[in-house]
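Just below is one structure, and these are the notes that go with it.
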Amino acid sequence: MATLGFIGSGSIGTAVARLAVAAGIDVVLSNSRGPETLTETVAELGERARAATPEEAARAGDWVVVSIPLAAYQKLPAAALEGKVVLDTINYYPMRDGHIEALDSGQTTTSELVQEHLGGAKLVKAFNSISDHHIPSLARPSGAADRTALPIAGNDPEAKASAADVIGRLGFDTVDAGPLTEGWRFEPETDPYAVPYSAAPDAIRAFWAELSEALRSGTMPQTPPPVDAGVPLPAAQLRTLLADTPRKLTADRVVA
Ligand SMILES: NC(=O)c1ccc[n+]([C@@H]2O[C@H](COP(=O)([O-])OP(=O)(O)OC[C@H]3O[C@@H](n4cnc5c(N)ncnc54)[C@H](OP(=O)(O)O)[C@@H]3O)[C@@H](O)[C@H]2O)c1
69 MATLGFIGSG
79 SIGTAVARLA
89 VAAGIDVVLS
99 NSRGPETLTE
109 TVAELGERAR
119 AATPEEAARA
129 GDWVVVSIPL
139 AAYQKLPAAA
149 LEGKVVLDTI
159 NYYPMRDGHI
169 EALDSGQTTT
179 SELVQEHLGG
189 AKLVKAFNSI
199 SDHHIPSLAR
209 PSGAADRTAL
219 PIAGNDPEAK
229 ASAADVIGRL
239 GFDTVDAGPL
249 TEGWRFEPET
259 DPYAVPYSAA
269 PDAIRAFWAE
279 LSEALRSGTM
289 PQTPPPVDAG
299 VPLPAAQLRT
309 LLADTPRKLT
319 ADRVVA
């Protein structure tokens with residue numbers, strides 16, 4: 069019986085967990101506040117789901133999805149994740165996570181930072197460039213003509229193959245963007261990020277601009293983020309976007 073552990077059970081964690089239970093994979097969810105705060109989510113997901121502590125979720129998972137704000141990455145349970153294939157969805161948003169000089173300067177990438185903390189885990193960067201609401205709407209069974217591809221990156225080829233296998237069971241093809249040093253290719257605001265999966269790309273860009281302005285003036289954006297059913301992104305198109313995208317450091321981003 070396959071089990072997917074989750075450290076972080078918010079928008080992305082629960083979206084992936086829903087696909088997992090639908091694919092016959094057991095899930096063990098965790099968050100920062102404790103398993104008792106996940107009762108409703110577990111009930112909604114059904115008998116394949118249970119809640120636990122982050123350490124327990126890490127030990128239970130054949131793969132473990134880490135889906136928390138970057139600011140909390142040093143709290144990830146490195147010992148419990150030793151040897152595990154970790155799917156790292158984490159993105160760097162300085163407005164939320166605080167500035168990290170090594171990322172602002174491009175000296176490293178978000179997933180390399182997380183891998184450094186985790187040491188013995190085999191980290192695969194995944195689910196970073198797709199918006200949470202497009203995860204359920206774009207997932208398709210294997211072989212579907214309109215299957216969407218997601219980028220992955222990682223240093224361990226076997227871990228990447230294993231990650232591609234489970235992501236395939238969840239409903240997506242994958243394109244290998246290379247080792248973690250290449251993870252910047254699908255960090256926020258690069259060409260593969262969010263926009264190509266959206267049916268309303270102009271609305272996304274307008275939202276980013278409004279959010280950026282709101283951050284500058286210390287207010288909240290008036291328009292909610294655009295939500296749509298999404299547009300399938302074939303692997304060949306994603307491959308081109310990954311190859312051609314310029315790097316977006318914090319200073320080059322609209323929302324930082
Ligand atoms: N939302 C998106 O569309 C999207 C897309 C791609 C990537 N991402 C990235 O994926 C990550 C998760 O995003 P999200 O939107 O799912 O965030 P979210 O809805 O805010 O959920 C964050 C989750 O992380 C948990 N958490 C925080 N600190 C923790 C800790 N120390 N140990 C265990 N769990 C902890 C939170 O639990 P508590 O509530 O108990 O604190 C919550 O369950 C972020 O890095 C984000 O940038 C998001």
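With my numbering, you'll find the sequence shown wraps up at 324, consecutive numbering, no jumps. For glycine and all other residues, C-beta sits at the position ideal for the given N, C-alpha and C. Keep in mind that this is a model prediction, so the values were computed, not measured.
Selection from Val132, Ile272, Leu87 and Thr105 that minimises the alpha carbon distance to Val96
Here residue 96 refers to the residue found at position 28 of the sequence shown. Measuring from the Cα of Val96, the nearest candidate turns out to be Val132.
Based on the DSSP secondary-structure assignment, which residues constitute the bridge partners of Lys193?
Locating residue 193 in the sequence shown gives position 125, where the first residue counts as 1. Asp156 and Ala221.
Nearest to Ala324 (by Cα), restricted to the options Glu255, Leu310 and Pro302
Reading the sequence shown from its first residue, position 256 is the one you call residue 324. For the residues Glu255, Leu310 and Pro302, the minimum Cα distance to Ala324 belongs to Glu255.
Would Pro204 pass as a contact of Ala83 if the rule is Cβ separation under 9 Å?
Position 136 of the sequence shown holds residue 204. Position 15 of the sequence shown holds residue 83. Going by beta carbons, Pro204 and Ala83 fall inside the 9 Å limit.
Close-in-space but distant-in-sequence residues of the same chain around Pro269 (CB under 6 Å, 5 per side omitted)
Here residue 269 refers to the residue found at position 201 of the sequence shown. Only Val263 meet the Cβ criterion.
Would you check if there are 3 or more beta carbon pairs closer than 8 Å linking the stretch 279–294 to the stretch 226–234?
As far as the Cβ criterion goes, the stretch 279–294 does not touch the stretch 226–234, which means the pair count is below three.
Quick check: does the Cβ of Ser98 come within less than 8 Å of any heavy atom belonging to ligand 1?
In the sequence shown, the residue the question calls residue 98 occupies position 30. Yes, the Cβ of Ser98 comes within 8 Å of a heavy atom of ligand 1.
Phe74 lies in the alpha helix (DSSP H); which residues open and close that run?
Along the sequence shown, one-based indexing puts residue 74 at 6. That residue, Phe74, is in no alpha helix (DSSP H); its beta strand (DSSP E) goes Thr71 to Ile75.
Check this for me: beta carbons of Tyr160 and Leu138, under 9 Å apart or not?
If you number the sequence shown from 1, residue 160 lands on position 92. If you number the sequence shown from 1, residue 138 lands on position 70. The answer is yes: Cβ separation under 9 Å.
Does the stretch 196–215 touch the stretch 292–306, meaning 3 or more C-beta pairs lie closer than 8 Å?
Short answer: they touch.
Starting from Ala119, trace the beta strand (DSSP E) both ways and give me its first and last residue.
Mapped onto the sequence shown, residue 119 falls at position 51. Ala117 to Ala119 is the extent of the beta strand (DSSP E) around Ala119.
Do Ala119 and Ser77 count as a contact pair if the criterion is CB distance below 9 Å?
Position 9 of the sequence shown, counted from the first residue, corresponds to residue 77. Position 51 of the sequence shown, counted from the first residue, corresponds to residue 119. The criterion of a C-beta distance shorter than 9 Å is satisfied by Ser77 and Ala119.
What residue from Gly166, Thr121, Ile158 and Val134 has the CA that sits closest to Lys152's CA?
Counted from its first residue, the sequence shown places residue 152 at position 84. For the residues Gly166, Thr121, Ile158 and Val134, the minimum Cα distance to Lys152 belongs to Val134.
Is it right to say Thr177 is buried, meaning 16 or more other beta carbons lie within 10 angstroms of its own, or is it exposed?
As a first step, residue 177 is located in the sequence shown; it is residue number 109 there, counting from the start. Thr177 comes out buried.
Given this structure, state the Cα-to-Cα distance separating Gly166 from Ala88, to the nearest angstrom.
The sequence position of residue 166 within the sequence shown is 98, counting from 1. The sequence position of residue 88 within the sequence shown is 20, counting from 1. Roughly 32 Å between the two C-alpha positions.
Comparing alpha-carbon positions, which option in Glu257, Ala170, Phe240 and Leu171 lies nearest Ala194?
Stepping through the sequence shown from its first residue, residue 194 is reached at position 126. When only C-alpha atoms are compared, the closest one is Phe240.
So, do the stretch 243–253 and the stretch 142–151 have three or more beta carbon pairs nearer to each other than 8 Å?
The stretch 243–253 is not in contact with the stretch 142–151.
Between which two residues does the beta strand (DSSP E) harbouring Val133 extend?
Start at 1 with the first residue of the sequence shown, and residue 133 comes out as number 65. Note, Val133: beta strand (DSSP E), Trp131 to Val134.
Report all residues from its chain with a CB closer than 6 Å to the CB of Ala170; omit the five preceding and five following residues, and keep chain order.
The residue given as residue 170 occupies position 102 in the sequence shown. The residues are Thr176.
Taking the C-alpha atoms as reference points, what is the distance between Gly236 and Leu206?
Taking the first residue of the sequence shown as 1, we reach residue 236 at position 168. Taking the first residue of the sequence shown as 1, we reach residue 206 at position 138. Spanning the two alpha carbons is a distance of roughly 12 Å.
Name the DSSP beta bridge partners of Val96, please?
Numbered from its first residue, the sequence shown carries residue 96 at position 28. Residue pairing by DSSP puts Val96 in a beta bridge opposite Gly73 and Arg118.
Give me the Cα-Cα distance between Pro292 and Ile272, rounded to the nearest whole angstrom.
Within the sequence shown, the letter at position 224 stands for residue 292. Within the sequence shown, the letter at position 204 stands for residue 272. Between Pro292 and Ile272, the C-alpha separation is close to 10 Å.
Just to confirm the assignment, what range does the alpha helix (DSSP H) spanning Val84 have?
By 1-based counting over the sequence shown, the position of residue 84 is 16. Looking at the DSSP string, the run of the alpha helix (DSSP H) that includes Val84 is Ser79 to Ala90.
My assumption, with CB atoms under 8 Å, is that Leu317 sits in contact with Asp259. Please give the rounded CB distance.
Numbered from its first residue, the sequence shown carries residue 317 at position 249. Numbered from its first residue, the sequence shown carries residue 259 at position 191. That pair is no contact at about 15 Å.
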